[in-house]
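All remarks here apply to the structure that follows.
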Amino acid sequence: MATSRRSPTIAGIIVVAGAAVAVAVLWKMGKLKGLRLPKRTKSDT
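Position in the sequence shown (from 1) plus 27 gives the number in our numbering.
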(Lines of atoms letter the chains of each structure in order from A and count residues from 1; the text may use other names and numbers.)
(Lines give C-alpha, C1' and ligand atoms only; values in the text may rest on other atoms or scores of the structure.)
Protein backbone atom coordinates (compact mmCIF):
# COMPACT_ATOMS: atom_id res chain seq x y z
CA MET A 1 0.00 0.00 0.00
CA ALA A 2 2.25 2.76 -1.26
CA THR A 3 -0.73 5.09 -1.61
CA SER A 4 -1.28 4.94 2.15
CA ARG A 5 0.66 8.20 2.45
CA ARG A 6 -1.94 10.29 0.62
CA SER A 7 -4.90 8.14 1.62
CA PRO A 8 -5.49 9.77 5.05
CA THR A 9 -5.36 13.29 3.60
CA ILE A 10 -7.63 12.62 0.62
CA ALA A 11 -9.97 10.45 2.66
CA GLY A 12 -10.13 13.10 5.38
CA ILE A 13 -10.99 15.84 2.90
CA ILE A 14 -13.64 13.66 1.24
CA VAL A 15 -15.15 12.68 4.59
CA VAL A 16 -15.22 16.26 5.90
CA ALA A 17 -16.58 17.68 2.64
CA GLY A 18 -19.12 14.88 2.30
CA ALA A 19 -20.26 15.25 5.89
CA ALA A 20 -20.58 19.03 5.55
CA VAL A 21 -22.60 18.71 2.34
CA ALA A 22 -24.77 15.93 3.78
CA VAL A 23 -25.48 17.93 6.95
CA ALA A 24 -26.26 21.08 4.96
CA VAL A 25 -28.58 19.23 2.56
CA LEU A 26 -30.31 17.30 5.33
CA TRP A 27 -30.67 20.46 7.42
CA LYS A 28 -32.14 22.44 4.50
CA MET A 29 -34.46 19.59 3.48
CA GLY A 30 -35.44 19.01 7.10
CA LYS A 31 -36.16 22.70 7.62
CA LEU A 32 -38.24 22.81 4.44
CA LYS A 33 -40.19 19.74 5.50
CA GLY A 34 -40.54 21.12 9.00
CA LEU A 35 -38.79 18.19 10.65
CA ARG A 36 -37.44 18.43 14.17
CA LEU A 37 -33.68 18.80 13.94
CA PRO A 38 -31.31 19.29 16.89
CA LYS A 39 -29.99 22.82 17.35
CA ARG A 40 -26.49 21.31 17.52
CA THR A 41 -26.22 21.74 13.74
CA LYS A 42 -26.04 25.50 14.22
CA SER A 43 -23.23 25.36 16.79
CA ASP A 44 -21.30 22.86 14.63
CA THR A 45 -20.96 25.53 11.97
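Glycine included, each C-beta is placed from N, C-alpha and C at the ideal position. Since this is a predicted model, take the numbers as computed values, not measurements.
Taking just the CA atoms, how far does residue j sit from residue i?
i: residue 55; j: residue 36; result: 28 Å
i: residue 34; j: residue 46; result: 17 Å
i: residue 41; j: residue 58; result: 25 Å
Under three-state DSSP, which class holds residue i?
i: residue 28; result: Low local confidence applies: a pLDDT of 47 at residue 28 is under 50, so the model's placement there is unreliable, and no value is given.
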